[in-house]
Amino acid sequence: MNAQAGSTYDQMDADATALASIIAPVSSCSLIRQRIIYKFVATPRPAADDSSSVKRSGSFFFETLDGTRQTLVSVPGILDSVLTTEGDGAGILIDLENEDIQSLIALILDLPATSPFGHVMQQLVTAYRQSRA
Amino acid sequence: MALVNQPAGKLTIHYRDESKSKGSTDFHFPYGTLASVVFTAADLLSAALNAVTGCAIDGYTVSYTKTEDTPETPAAGSRVEDKGKFIFRTSNARTSLFSVPGIENAVLLPNGDVDQSDILITALVDAVIAGDLVFCSADGSDLTALLDAYQIFSRTTKGQRP
């Protein structure tokens with residue numbers, strides 16, 4: 005179902021629950037999940053860089069302060085310009101001194117990003133480029 | 002038996018590369034975070050991600066999911082592929098539809114139409130078109146009348162096999 009623009013979460017949640025209760029008697033299946041999705045589309049659609057590939061991604065691992073919970077943020081099409089160029093891991097490790105990378109990490113921690121189980125991530129563990137065939 | 006929040010909401014940023022392949026970045030956030038706060042963060046994150054990726058960012062979705070903690074047992078033999086398809090007329094003279102998986106045989110006529118005089122169906126249609134619910138078509142138009150309703154069978158996917 006689509007909801008009118010500007011509807012609040014509480015309205016949609018309540019109306020979805022009300023509608024589900026009306027649908028339930030006409031279905032032989034059981035309700036297992038209800039999801040509210042807000043969708044934003046870039047208009048006009050921007051162009052991707054030449055030779056960009058979603059298979060070449062930046063993997064950022066975050067963890068809780070005590071290190072017991074971790075989560076992964078994967079960025080498709082990571083630019084070569086944000087990878088380290090010297091020392092061990094050159095061309096693989098993401099340059100944590102890069103200003104754009106620092107801004108991104110700060111925003112992720114400010115969200116605050118959590119694991120899927122709700123544990124708030126408080127620090128970056130490591131970040132590197134990963135490629136899939 | 003109740004719908005309970007998942008521990009976290011989910012923000013997904015959508016990408017497209019030169020070959021038009023799609024990719025995404027998933028973030029989770031505390032479920033209680035206001036949608037407006039997540040939208041602001043998503044705009045900032047999209048801009049920050051745009052600076053470190055060669056892919057185009059096509060948009061993002063924000064989702065909040067609730068899960069039934071003790072789901073009822075589905076009726077024996079019920080199949081989600083056996084659907085009732087409901088097509089509505091909209092206020093801008095277009096149509097909008099939704100389907101009900103596992104439509105009950107009791108609300109179907111012998112020819113496969115949904116029995117629009119059935120009290121359960123009139124209650125459903127009234128709630129959608131005459132009720133105070135926020136639902137509308139994809140372009141935001143009100144749903145104004147039921148145009149047609151009938152049984153359909155969708156193709157069985159691997160995950161839907163009994």
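Those sequence lines, one after another, are chains A and B. Numbered according to the numbering used here, the first sequence spans residues 5 to 137. Numbered according to the numbering used here, the second sequence spans residues 2 to 163. For glycine and all other residues, C-beta sits at the position ideal for the given N, C-alpha and C.
Check: residue i C-beta below 7 Å from any heavy atom of the ligand FAD
| i | result |
| --- | --- |
| M2(B) | The ligand FAD is not among the ligands present in this structure, which contains no ligands whatsoever. |
CB contact check: residue i to chain B, cutoff 8 Å
| i | result |
| --- | --- |
| Y132(A) | no |
| A94(A) | no |
| D104(A) | yes |
| D54(A) | yes |
| S63(A) | no |
| R39(A) | yes |
Below-8 Å beta-carbon distance, residue i vs any chain E residue
| i | result |
| --- | --- |
| R49(A) | Judged by its chain identifiers, the structure shown contains no chain E, and its protein chains are A and B. |
Minimum Cβ-Cβ distance from residue i to chain A less than 8 Å
| i | result |
| --- | --- |
| V5(B) | no |
| S155(B) | no |
| Y61(B) | yes |
Assigned exposure category for residue i - 16 Cβ within 10 Å defines buried
| i | result |
| --- | --- |
| S55(A) | exposed |
| A20(A) | buried |
| A7(A) | buried |
Coarse secondary structure for residue i, derived from DSSP in three states
| i | result |
| --- | --- |
| T123(B) | helix |
| A57(B) | strand |
| I130(B) | helix |
| S31(A) | strand |
Euclidean distance between Cα positions of residue i and residue j
| i | j | result |
| --- | --- | --- |
| P8(B) | P111(B) | 45 Å |
| D114(A) | V135(B) | 32 Å |
| A43(B) | G60(B) | 9 Å |
| V45(A) | D14(A) | 23 Å |
| M2(B) | Y42(A) | 27 Å |
| S78(A) | F66(A) | 11 Å |
| S63(A) | L76(A) | 7 Å |
| R73(A) | T118(A) | 9 Å |
| G10(A) | M16(A) | 10 Å |
| P116(A) | M5(A) | 30 Å |
*Does the segment 13-29 of chain B come within contact of the segment 97-105 of chain A, defined as at least 3 CB pairs closer than 8 Å?*
no
*Within the chosen definition, does the segment 119-139 of chain B reach the segment 74-81 of chain B through at least 3 CB pairs nearer than 8 Å?*
no
*Taking contact to mean at least 3 C-beta pairs separated by less than 8 Å, is the segment 79-98 of chain B in contact with the segment 142-160 of chain B?*
Enough Cβ pairs lie closer than 8 Å, so yes.
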